[in-house]
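Novice: I'd like to ask you about the structure that follows.
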Amino acid sequence: MLHFSLPHRYEDALVLLLTEVLNRIQFRYNQAQLEELDDETLDDDQQTEWQRYLRQSLEVVAKVMELLPTHAFSTLFPVLQDNLEVYLGLQQFIVTSGPGKL
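For our numbering, count along the sequence shown from 1 and bump the result up by 887.
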């Protein structure tokens with residue numbers, strides 16, 4: 888793996904880029920635009936517009952993580968933690984049925 892020192896002046900810009908990309912792929916911040924993306928029609932690469940948007944966004948996230956792993960982790964962790972808490976909070980709404988019930 889190639890290691891190099893990223894000039895400090897780029898760090899803030901890359902962290903801001905990471906934050907913006909993360910916000911743009913979350914419905915809580917970007918619902919209107921995300922709902923406009925086609926999630927049914929496949930293109931020549933067998934991807935929907937939604938899948939392509941998500942893949943390209945996650946490629947940006949991955950690249951920033953390669954360049955600034957510590958900064959990226961400290962930016963990404965709270966986002967993942969928030970979403971995990973929401974997901975785990977759904978458990979209270981799960982209804983389990985008794986034996987013989989569907």
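Note that the Cβ used here is the ideal one computed from N, Cα and C, for glycine as well.
Taking LEU924 as the reference, give the member of ASP930, GLU936, HIS958 with the closest Cα.
Specialist: GLU936
Novice: Alpha carbon to alpha carbon, what distance is there between GLU907 and ASP931?
Specialist: 28 Å
Novice: Hey, VAL951 and LEU903: beta-carbon distance below 8 Å or not?
Specialist: No; because the gap between Cβ atoms is not below 8 Å, this pair is not in contact.
Novice: Label ALA900 either buried or exposed according to how many other C-beta atoms from any shown protein chain fall within 10 Å of its C-beta, with 16 as the threshold for buried.
Specialist: In the assembly as shown, ALA900 is an exposed residue. Its beta-carbon has fewer than 16 other beta-carbons within 10 Å.
Novice: Ends of the alpha helix (DSSP H) at GLN943?
Specialist: Start and end: 936-954.
Novice: Would you call THR957 buried or exposed, if buried means 16 or more other Cβ atoms sit within 10 Å of its Cβ?
Specialist: exposed
Novice: Closer than 8 Å, CB to CB, is VAL948 near chain B or not?
Specialist: Here there is only one protein chain, and chain B is not present.
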